[in-house]
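Structure record follows, encoded as structure tokens.
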Amino acid sequence: MARRFLQRIPLTVKMVLLTVVVGIFTGAVLDYFQTRTVRNIFVAQLKENLNLEAQEARIRFDNYIKGHHQSVKLIISQKQLADYIDRKDWASRSEVVFHRRSPPWLPRPSVLRSLVQIRNALLLDGDGKTREVYQSFPEPLPDSLLAPTDLLQRLTHNQAFMTYIGGEPFLVASESLRDSQGKFLATMMLVCPLDEEFLLASQGPHYGHVFALVTGEKARVLISSDPAQIPSFTMIDDLEDSYLVTGKSLFDYGASDLVLGFASFISLEEVESLISTVIARDRQQRVISVLIFIVAFALIMFLITRRIERLTGRISDFSEKVLRGKPQRLGLGDELDILEDRFQRLTEEVVSAQEIIKRDYFFQSTISSILKIALEPISLDKQLDRILEAILSIPFLSLQAKGSIFLVEDEPQVLVMKAQYGMSRAIKTACAKIPFGKCLCGLAASTHEIVFADHVDDRHEITCEGMPSHGHYCLPILLGKNVLGALNLYVEEGHKRNPDEEKLLVSVANTLAGVIEHRHTEQEKEKLQEELAQAEKLTALGRLTANVAHEIRNPLTLVGGFARRLNKKLSSNISEKKYLEIIISEVSRLEKILLNVLTYSKETGLKLDDHDINAIIEEVLQMYETRLKEKSIQIRKSLHEVPKIMIDKEQIIGTVSNLISNAIDFMPEGGSLTISTQKEIRKGAAYLNVKVTDTGAGIPEDKLGIIFEPFFTTKFLGHGTGLGLSICKKTVEDHGGFITVESSIGRGSRFIILLPYEHKELRSGKILAIQKKTGTNN
Amino acid sequence: MKVLNNIRIIIFLPCLAAVFLFCHSVMAENSETLQGEPFTDPSYTQQMPSSWKDQPIRHDPDVGQVDLAVTLDQHLYRAIKGMIENYAAEHGLKISVSDGTCGITAGKLVRKAVDVGGFCCPPGKTDRLPGLLFHTIGVVPIVLLVHPENPIGDITLQEARKIFQGEMYRWSELKNSNGQQGPDTKIQPIGRLHCKIRPGHWRLLLDNEDLFSPRLQEVGTIPDMISLVAATPGAIGYEVMMMVERYRSEGKVKALKIDGIAPNRTNLLSRKYPLYRTLNITTWQGEKVKMQHAQELVDFLLGQEVRLDNKFNIIPASSLRQMGWQFKGNELIGSP
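Taken in sequence, the protein lines are chains H and Z. Mind the numbering: the first sequence is residues 1 to 778 in our numbering, read in order. Mind the numbering: the second sequence is residues 779 to 1114 in our numbering, read in order.
Pasting the structure below:
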């Protein structure tokens, strides 16, 4: 519950909360350590500073000590003192004279103030006996000072000497005045007790810390600048609980028989107060830093979150647009959870797409194999065997290695097994032929639908003993609405029907249909080629026929000639004459056939000359006048004036004659025959247009394309050779012209001849070329 | 004309010689005047009251119950404290060894508070107390120190004296032995004028404090000397090398040669190097003050001179004797 709640909190809020918690924890830990560190650093720095201060204080103290020595040297050298000594007679008085005011043997007070503070100045005579004493402040002096020993005088001579006198520490500096022979006249001795006043005087009024002279093997306070706080004889070790003690340096004086050191003290309470102030300020700055950090972090997290959302959006777009993924609802959780979820789904989609691509690859590979097999020069049965193997080897289809391909052959509505793999002999036999509607394959063929069975159910009509359990995909092989066959594939029992598999198998079946259809087309092509070969054989036969006709024409002419001569010589009453007339008639018919055959099969030479086409037409019509009348065919002529044309008159007569003869044959019940001539310009060339139109039965449309083919005829056997129109076409084309036909069933036909008449040279050139080709000459 | 020139030369040369001899004598006189006495008369004894003479040795209360109380100046404290502690351990003695100065040692000896005292100077007259015997442990060179970036590495003793007297003001007035001129920086002489009543030490440079320049910056302690020289580019001071090493943390300084002579033991032993410090220890002689343990300890220390660590740069007394340094008993009283 808590986890769900946490997941739903936006990342920015979560990170801010985390930052605050971690910040507080880290801050507390760091505060602890940093406070300690700051304290240590501060104390060390404070100590170092105090040490420096203490060092400076000690140097000031040192200079103050030396100042006594220099002061006494200065005083002893003044003429005022020498004059005083010179006129002074101390022998008359035995007691020591004490001065409260500045005596005449000392410089004036204004000068004295510039020197060290002179507490006690002793003036000794030449024998070392104290005669006069000046005290700036009345204080008792030890008797041993008033009567200094020889050693003390020597030790203090020419240096400021610190020593215990009468149990108290004193600084003593002395200097002597001698006469020209070196005899001592007097000695000036400055004596100062080493007390609080001395210490303060050595440092001036502004030194802020308590300081002290320390002494002894175990350091103890000899004198302090504030005896109320730090009294004399206090052990330094005892003070270290309450004070920060620094600068415990040993004086390096040869001019002292005291073990002296100098120390500064600062109250730990004061130090703590300082440290607390510093730490409080530091802590305040840290808190401000942390707050700035949190705000900055929150801002950064906000920006990162925005980027994450944008990235999630891009992934979704990519998924939907490129990978064709389904739009998904955003899941619960923060931005990172959503991104993770989206990424997870993207991964799955990529894997899925990869599977699809892989499947497509195998599918395309299989289709390619099938097509490749289809192009191989092997029989359809072998092709189907190999195609079936290729189908069964598609790796991602959950197929058993078992299946068959059926085709519909000559027997309609019956599937004939043409290829199989892995099937038992019994099943092969049982499934050799399956009528439409029977068993699963027949059902598929009859319904044009895929039939799926996840087990052997009632639809599985063909079974055999010991048949293992299995399922089926049975697909019709369709070409349009035609069923070409069926594809039968085995699957494991319990296999789930898979639309993707079905889609793929349908594609395979369609490809198979294409292959089969291709194979059928190939077969038809082969058939046409056979027919063409046959036609070529016929052409050869035609030539042979022409040769034969040519060979039999001469004997036939002889037979006909002799028969006619014989017929003329035999009287009409001879009964055998009737047989002779039959011979003559049949010979004539044979000659006519032979003439047509020869005309068509041989390139006859053109006998060109200028002729009037209208005259030729008239001449032909005269030839057919009788037949026309017999057939009640009305002649209509529309012969326009046309120029003469260079033609082979006999052949053109034959052509026109052939067309008129055919028209008569097509109008057995009579009709109208129209012949017209006129000039015509077609594609820049001038032609004579000759039209022969009848009102006969007409030519069926499907025959219009072949009527000019040789041996094509619609007449009864024995009434035509089928070469008439072929010869017409050949003749017109030999003249450089064209012949076409227009016809309508029941309304008649119209033959149009176009003969070129201008560009004589060109036409002559063409004709010459024909003559050369045919070996004739005009 | 030629004759005239010869006459001129004849007159000029003797004059030049006279001037040279005069200058030399003045300089020699100056040099002798400037240098203080290296030792005091060993026959002198400080007069003390008879009560003092009758006074036995009484250790200070701080020391506690010990067999021997020893106070040493800071040089000897570093050099021989370890040997004393070893000796105490080996002989089952309880010996207190305290750090101090010549003045502190002298004060404790005057009070008869210690059995053995240690000085870094030859005894002054006031130190020659009745019944007190001095034993020289050795001598150690005093080195002139300058700022580490100062290119000058070599000066003459005369130049050193002039510098400390305040008669030379800038380092550019000096040249190295290789002819390199010093920087145009003000010379700041720094002095630690300790033990004024004792001979030797800095007084071998200039006899008394009044010979030093008024510009002399006086310091009271050895660390002050080291740190000030290290911090002042134009500074010149003096100290023994063992203390320079000890207070290395105070700053880096550079040692100068004097007259081209490095301040090492060999040069000092042959007396080519002029400045040194004498390290002495004392024992008492007399009915009421003689302490057998103290004498044995001092004998031991004098026999251990070969163990004086090289880092202290101390030339032991035996080497000094071999090189003709003068002794009276165990006390060094004169150089060759």
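Even glycine gets a Cβ: it sits at the ideal position worked out from N, Cα and C.
In this structure, how does DSSP classify residue i when only helix, strand and coil are distinguished?
i, result
"L1098 (chain Z)", "helix"
"H69 (chain H)", "helix"
"R1055 (chain Z)", "strand"
"W776 (chain Z)", "No information on residue 776 (chain Z) is available, as it lies outside the stretch 779 to 1114 that chain Z covers here."
"N498 (chain H)", "coil"
"K183 (chain H)", "coil"
"S991 (chain Z)", "coil"
"R3 (chain H)", "helix"
"A549 (chain H)", "helix"
"L274 (chain H)", "helix"
"Q1082 (chain Z)", "coil"
"G896 (chain Z)", "strand"
"R283 (chain H)", "helix"
"F666 (chain H)", "helix"
"V804 (chain Z)", "Here V804 (chain Z) scores only 41 on pLDDT, less than 50, and its place in the model should not be relied on; the value that follows carries that caveat. Helix, per DSSP."
"V116 (chain H)", "coil"
"F781 (chain H)", "Since the displayed chain H opens at 1 and closes at 778, residue 781 (chain H) lies outside it and no answer follows."
"E996 (chain Z)", "strand"
"L799 (chain Z)", "Only weak support is given to the placement of L799 (chain Z): the predicted model assigns it a pLDDT of 43, under 50, and the value that follows is read from those uncertain coordinates. Looking at L799 (chain Z) - three-state DSSP - the assignment turns out to be helix."
"A432 (chain H)", "coil"
"M1003 (chain Z)", "helix"
"K321 (chain H)", "helix"
"T740 (chain H)", "strand"
"R8 (chain H)", "helix"
Using DSSP's beta-bridge definition, name the partner residues of residue i.
i, result
"K1106 (chain Z)", "Z:E1109"
"L779 (chain H)", "Outside the shown range of chain H, which is 1 to 778, sits residue 779 (chain H), and nothing can be said about it."
"C474 (chain H)", "H:V451 and H:N488"
"I920 (chain Z)", "Z:V1018"
"T693 (chain H)", "H:T674 and H:R750"
"C192 (chain H)", "H:L171"
"V221 (chain H)", "H:V214"
"R178 (chain H)", "H:F184"
"Y134 (chain H)", "H:H99 and H:A121"
"H966 (chain Z)", "Note that residue 966 (chain Z) is Gln in the sequence shown, not His. Beta-bridge pairing links Q966 (chain Z) to Z:A1013."
Using 8 Å as the cut-off, classify the Cβ of residue i as near or not near the heavy atoms of the ligand ATP, replying yes or no.
i, result
"I920 (chain Z)", "Inclusion of the ligand ATP in the displayed structure is not the case, the ligand content being empty and no account of it being possible."
If residue i and residue j are in contact, beta carbons under 8 Å, what's the gap, nearest whole angstrom?
i, j, result
"G698 (chain H)", "S661 (chain H)", "Not confirmed; about 17 Å, so no contact."
"I961 (chain Z)", "W949 (chain Z)", "Before going further, note that residue 961 (chain Z) is Pro rather than Ile in the sequence given. So it is a contact: roughly 5 Å between Cβ atoms."
"E1109 (chain Z)", "F897 (chain Z)", "Contact flag wrong, Cβ pair sits at about 11 Å."
"I582 (chain H)", "R564 (chain H)", "Not confirmed; about 13 Å, so no contact."
"I373 (chain H)", "S507 (chain H)", "The Cβ separation is near 16 Å, so there is no contact."
"H455 (chain H)", "Q400 (chain H)", "Going by Cβ atoms, the distance from H455 (chain H) to Q400 (chain H) rounds to 13 Å, so no, they are not a contact pair."
"L580 (chain H)", "L566 (chain H)", "6 Å"
"T156 (chain H)", "V133 (chain H)", "Not really, about 15 Å apart at Cβ, beyond 8 Å."
"A549 (chain H)", "V597 (chain H)", "5 Å"
"F942 (chain Z)", "L984 (chain Z)", "6 Å"
Run down chain A in chain order and give the residues with a C-beta less than 8 Å from the C-beta of residue i.
i, result
"I882 (chain Z)", "The question asks about chain A, but that chain is absent: this structure's protein chains are H and Z."
**Item:** Members of the segment 813 to 832 of chain Z near chain H, C-beta cut-off 8 Å
**Value:** Q824, Q825, M826 and P827
**Prompt:** What residues from the segment 59 to 74 of chain H come within 7 Å of chain Z, judged by C-beta to C-beta, listed N to C?
**Reply:** I59, D62 and K66
**Prompt:** In chain order, what residues of the segment 947 to 975 of chain Z put their CB closer than 7 Å to some CB of chain H?
**Reply:** Within the segment 947 to 975 of chain Z, the residues whose Cβ lies closer than 7 Å to some Cβ of chain H are H972, C973, K974 and I975, listed in chain order.
**Request:** Could you name the residues of the segment 867 to 878 of chain Z whose beta carbon sits closer than 9 Å to any beta carbon of chain H, in the order they occur along the chain?
**Result:** S874, S876, D877 and G878
**Item:** the segment 136 to 170 of chain H: positions lying closer than 9 Å to chain Z by Cβ
**Value:** T149, D150, L151, R154, L155, H157, N158, Q159, F161, M162, T163 and Y164
**Prompt:** What residues from the segment 1047 to 1069 of chain Z come within 8 Å of chain H, judged by C-beta to C-beta, listed N to C?
**Reply:** none
**Request:** With 8 Å as the limit, tell me which residues of the segment 215 to 241 of chain H have their beta carbon closer than that to any beta carbon of chain Z; keep them in chain order.
**Result:** G216, E217 and K218
**Request:** With a floor of 4 residues, list each alpha helix (DSSP H) that falls wholly inside the segment 810 to 858 of chain Z, ordered by position along the chain.
**Result:** 828 to 832
**Selection of the segment 257 to 287 of chain H by Cβ proximity to chain Z, strictly under 8 Å** = D257, L258 and V259
**Item:** Contained beta strand (DSSP E) runs [length at least 3] in the segment 78 to 107 of chain H, N- to C-terminal order
**Value:** 97 to 99
**Message:** If the cut-off is 8 Å on Cβ atoms, which residues from the segment 903 to 927 of chain Z count as contacting chain H, listed in chain order?
**Reply:** Taking 8 Å as the Cβ-Cβ cut-off, the segment 903 to 927 of chain Z approaches chain H at K903 and T904, given in chain order.
**Request:** Quick one: which residues of the segment 1014 to 1030 of chain Z get their C-beta closer than 8 Å to a C-beta of chain H? List them in chain order.
**Result:** For the segment 1014 to 1030 of chain Z, the set of positions with a beta-carbon nearer than 8 Å to some beta-carbon of chain H is empty.
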